[in-house]
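*Asks:* For the sequence shown, the numbering used here assigns the number 124 to the initial residue and increments by one for each residue that follows.
Backbone N, C-alpha and C define an ideal beta-carbon position, used for all residues, glycine too.
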Amino acid sequence: MTHWDIAVIGAGIGGLCTAALLARAGKKVLILEKDGAIGGAAKSTIYKGHVLDDGGHIPSQAGHLEAIFEDLGLPYPEKIPTRQSEIFKDGRWINTRELFTTKMLKKALNSMLRLSPEEIAALDDIPLNEWVRQLTDDPGIAYLFYYFGCATSVGNRYEAYSAGEMIYILREILDAGLSLGSLGGAIKGGMNRLMEPLADYVIAHGGQLRLNTPVDSVQIQNGRAAGINVEHGERIFAHQQLDLELIEADCVVATAPLWNIFSLCDETLFPAWWVDGVKWISKKVSYVYSIIYGLETPLFDENIFRFAPDRPSSGFSAVYYPMNTYGADANQHQFHVSYQGHFDEMPDLLNSHSAKVRNQVRSFLHLMEKETFERFPALKKNYLWRIAHANVYNIAQSPGLVGDKRPSMKPPGIKNLFLVSGATKQARGIGLQAVANCARKAAAAIVAVHP
124 MTHWDIAVIG
134 AGIGGLCTAA
144 LLARAGKKVL
154 ILEKDGAIGG
164 AAKSTIYKGH
174 VLDDGGHIPS
184 QAGHLEAIFE
194 DLGLPYPEKI
204 PTRQSEIFKD
214 GRWINTRELF
224 TTKMLKKALN
234 SMLRLSPEEI
244 AALDDIPLNE
254 WVRQLTDDPG
264 IAYLFYYFGC
274 ATSVGNRYEA
284 YSAGEMIYIL
294 REILDAGLSL
304 GSLGGAIKGG
314 MNRLMEPLAD
324 YVIAHGGQLR
334 LNTPVDSVQI
344 QNGRAAGINV
354 EHGERIFAHQ
364 QLDLELIEAD
374 CVVATAPLWN
384 IFSLCDETLF
394 PAWWVDGVKW
404 ISKKVSYVYS
414 IIYGLETPLF
424 DENIFRFAPD
434 RPSSGFSAVY
444 YPMNTYGADA
454 NQHQFHVSYQ
464 GHFDEMPDLL
474 NSHSAKVRNQ
484 VRSFLHLMEK
494 ETFERFPALK
504 KNYLWRIAHA
514 NVYNIAQSPG
524 LVGDKRPSMK
534 PPGIKNLFLV
544 SGATKQARGI
554 GLQAVANCAR
564 KAAAAIVAVH
574 P
């Protein structure tokens, strides 16, 4: 088949969710993935008998992924929820419930629950610490919301979190009838347990998945996406210009990160104001640095998620969590350490081609590990292996960078082109659930135009 109803670029969670929903609607869907495996930034692999994610992934329970699986008639993969959270305060680990009275927590939650969607949106440009200060002077509640900020909106500074964004995320979880004490959990067996059923569904419904197939560009003709171009022929030299093959499609879904979108789409075909806006906001990113350790014995209860603010040397907050079941086949355990921050406080990973930046990244990871060994001395002499990881997470969830400040999944001036990623305003929410939110909306919009 040379003509498809839908061409999807990328077999990560956004591409697979969108493709599966469109296949359910009767569309003939082609997915092209540049890598040799599905999963994108959230793929899993096997390493030394362990399930290993490309960075730590603990999907929240906001409900968008679950709703997609329900719509498709697929069982949702088993989750291992994080049942308890602890914060390092005054030299000891304490349960988050020790930070506040029940009366104060109810007051804080009621303040969120009575907000209308319009009132939440009005808080998008308000720093989280300002909103909490207006709510209460209770230091325990302030500490709790700082933790919620770090857990839901990747970053490091209290004042750099958007109040509206965090409230939106927490409301999604509360409105689903869930507790804030269990924000998320690991997928038993790894993220591929989430990805593979979606890919299988597309194929079973007449679609096709092509791995190791990088896309050169989106073909745009007469103001509409007409398909995708892929290179073909034998590559002899690195800088050789291969011929292009056009794969025609009625609609194109691009799942590349926003900062890479103009590697697929000719920017001169879009309005200049939109291109300028995308380029500006694409630099305002957040980062996640992680070190993953293999262990014979867990450092603490594997049902606990730990948060330690303001580490003494770096000034960053640290998140410590086991990935329950990830080492089960090796009869071992896995321990993750993550630091997160924004474009103005961490090395610029968007320019990792620079030796200076790569040196900064290694120095930061070294400092992370030093602080981790200081907090958990037994780790230094007992880990079996380690893998360090640094990646761009998304557009920062800061005042001025969320909600309507983000570009739409539907670029102006080009018909039949949709952008599905966590960086669009339709992807509001947290992590993989936000991407799934965007995928649902994109699939519905496509079916509405192409019934």
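Just the C-alpha distance for Glu-193 and Tyr-199, rounded to the nearest angstrom, thanks.
*Replies:* One-based indexing of the sequence shown puts residue 193 at position 70. One-based indexing of the sequence shown puts residue 199 at position 76. About 8 Å.
*Asks:* Is there contact here, the region 519 to 527 with the region 380 to 396, by at least three beta-carbon pairs under 8 Å?
*Replies:* Because the criterion of three Cβ pairs below 8 Å is not met, the region 519 to 527 and the region 380 to 396 do not touch.
*Asks:* If you follow the alpha helix (DSSP H) that Lys-493 is part of, which residue opens it and which one closes it?
*Replies:* On the sequence shown, position 370 is the one that residue 493 refers to. Unbroken alpha helix (DSSP H) run through Lys-493: 478 to 498.
*Asks:* When you compare the region 322 to 334 with the region 167 to 183, are there three or more beta-carbon pairs, one atom per stretch, that lie closer than 8 Å?
*Replies:* Contact fails: fewer than three Cβ-Cβ distances are below 8 Å.
*Asks:* For the alpha helix (DSSP H) containing Asn-517, list its first residue and its last residue.
*Replies:* In the sequence shown, the residue the question calls residue 517 occupies position 394. Looking at the DSSP string, Asn-517 is not in any alpha helix (DSSP H); the run it does join, the beta strand (DSSP E), is 508 to 518.
*Asks:* With three or more C-beta pairs closer than 8 Å as the rule, is the region 196 to 210 touching the region 427 to 447?
*Replies:* Result yes; three or more Cβ-Cβ pairs closer than 8 Å.
*Asks:* Closer than 8 Å is the cut-off here; do at least three beta carbon pairs connect the region 404 to 414 with the region 468 to 488?
*Replies:* Taking 8 Å as the limit for Cβ pairs, the verdict is that the region 468 to 488 does touch the region 404 to 414.
*Asks:* For Lys-538, which residues of its own chain have a beta-carbon under 8 Å away from its beta-carbon, when the five flanking residues on both sides are left out?
*Replies:* The residue given as residue 538 occupies position 415 in the sequence shown. Around Lys-538: Gly-346, Arg-347 and Ala-348.
*Asks:* Based on the DSSP secondary-structure assignment, which residues constitute the bridge partners of Ala-372?
*Replies:* Mapped onto the sequence shown, residue 372 falls at position 249. The partner list for Ala-372 (beta bridge, DSSP) reads Trp-127.
*Asks:* Looking only at its own chain, which residues have a Cβ that is under 6 Å from the Cβ of Ala-557, when we skip the five neighbours before and after it?
*Replies:* Taking the sequence shown and counting its residues from 1, the one referred to as residue 557 is at position 434. Taken in chain order, the residues that qualify are Gly-545 and Ala-550.
*Asks:* Determine the DSSP secondary structure at Leu-387, reduced to helix, strand or coil.
*Replies:* Mapped onto the sequence shown, residue 387 falls at position 264. In this structure, Leu-387 counts as coil in the three-state DSSP scheme.
*Asks:* Whole angstroms are fine: how far does the CA of Met-532 sit from the CA of Leu-293?
*Replies:* In the sequence shown, residue 293 corresponds to position 170, counting from 1. In the sequence shown, residue 532 corresponds to position 409, counting from 1. Leu-293 and Met-532: Cα-Cα distance of roughly 23 Å.
*Asks:* Within 10 Å of its beta-carbon, does Gly-287 have 16 or more other beta-carbons around it, so buried, or fewer, so exposed?
*Replies:* Taking the first residue of the sequence shown as position 1, residue 287 is located at position 164. Buried, since its Cβ has 16 or more Cβ neighbours within 10 Å.
*Asks:* Between Ala-134 and Leu-332, is the Cβ-Cβ spacing less than 8 Å?
*Replies:* By one-based count along the sequence shown, residue 134 stands at place 11. By one-based count along the sequence shown, residue 332 stands at place 209. Yes, the Cβ-Cβ distance between Ala-134 and Leu-332 is below 8 Å.
*Asks:* Since Ala-441 sits in a beta bridge, which residues does DSSP pair it with?
*Replies:* Translated into the one-based positions of the sequence shown, residue 441 becomes position 318. Ala-431 and Tyr-462, per the DSSP bridge assignment.
*Asks:* Is Lys-150 near Ile-129, with beta carbons less than 8 Å apart?
*Replies:* Numbered from 1 along the sequence shown, position 27 holds the residue referred to as residue 150. Numbered from 1 along the sequence shown, position 6 holds the residue referred to as residue 129. Yes.
*Asks:* Where does Gln-344 fall in DSSP's three states?
*Replies:* Mapped onto the sequence shown, residue 344 falls at position 221. Note: Gln-344 maps to strand in three-state DSSP.
*Asks:* Just mark Ser-436 as buried or exposed, buried being the case when its beta carbon has 16 or more other beta carbons within 10 Å.
*Replies:* Sequence index remark: in the sequence shown, residue 436 carries index 313 (1-based). Result: exposed.
*Asks:* Could you tell me which residues DSSP puts in a beta bridge with Gly-308?
*Replies:* Mapped onto the sequence shown, residue 308 falls at position 185. Its beta-bridge partners are Pro-204.
*Asks:* So if DSSP puts Gln-331 in a beta bridge, which residue, or which two residues, is it bridged to?
*Replies:* The sequence position of residue 331 within the sequence shown is 208, counting from 1. Paired residues: Leu-153.
*Asks:* Is Gly-138 near Asn-335, with beta carbons less than 8 Å apart?
*Replies:* Stepping through the sequence shown from its first residue, residue 138 is reached at position 15. Stepping through the sequence shown from its first residue, residue 335 is reached at position 212. For Gly-138 and Asn-335, no; Cβs fall outside 8 Å.
*Asks:* Residues in the same chain with beta-carbon distance under 6 Å from Gln-363, minus the five sequence neighbours each way, listed in chain order, please.
*Replies:* Start at 1 with the first residue of the sequence shown, and residue 363 comes out as number 240. Closer than 6 Å at the Cβ level, and outside the excluded window around Gln-363, lies no residue.
*Asks:* Quick check: what's the CA-CA separation for Ile-296 versus Gly-554?
*Replies:* Here residue 296 corresponds to residue number 173 of the sequence shown, with the count starting at 1. Here residue 554 corresponds to residue number 431 of the sequence shown, with the count starting at 1. Whole-angstrom Cα-Cα distance: 13 Å.
*Asks:* Looking at Ala-309: is its Cβ nearer than 8 Å to the Cβ of Ile-181?
*Replies:* Residue mapping note: residue 309 aligns to position 186 of the sequence shown, counting from 1. Residue mapping note: residue 181 aligns to position 58 of the sequence shown, counting from 1. Yes, they are a contact pair.
*Asks:* Using the Cβ count rule (16 or more neighbours within 10 Å means buried), how would you classify Val-572?
*Replies:* Numbered from 1 along the sequence shown, position 449 holds the residue referred to as residue 572. By the 10 Å Cβ count, Val-572 comes out exposed.
*Asks:* Have a look at Tyr-506 and Pro-500 and give me their C-alpha separation to the nearest angstrom.
*Replies:* Against the sequence shown, residue 506 aligns to sequence position 383. Against the sequence shown, residue 500 aligns to sequence position 377. Each residue's Cα considered, the two are about 11 Å apart.
*Asks:* Between the Cα of Val-376 and those of Gln-342, Ala-244 and Val-442, spot the shortest distance and give me the residue it belongs to.
*Replies:* Start at 1 with the first residue of the sequence shown, and residue 376 comes out as number 253. The shortest Cα separation from Val-376 among Gln-342, Ala-244 and Val-442 belongs to Gln-342.
*Asks:* Would a C-beta distance cut-off of 8 Å place Thr-448 and Gly-272 closer than the cut-off?
*Replies:* What you label residue 448 is simply residue 325 of the sequence shown in a count that begins at 1. What you label residue 272 is simply residue 149 of the sequence shown in a count that begins at 1. No, these two residues do not count as a Cβ contact at 8 Å.
*Asks:* Do you know how far the Cα of Thr-219 is from the Cα of Phe-496?
*Replies:* Mapped onto the sequence shown, residue 496 falls at position 373. Mapped onto the sequence shown, residue 219 falls at position 96. Taking the straight line joining both Cα atoms gives about 23 Å.
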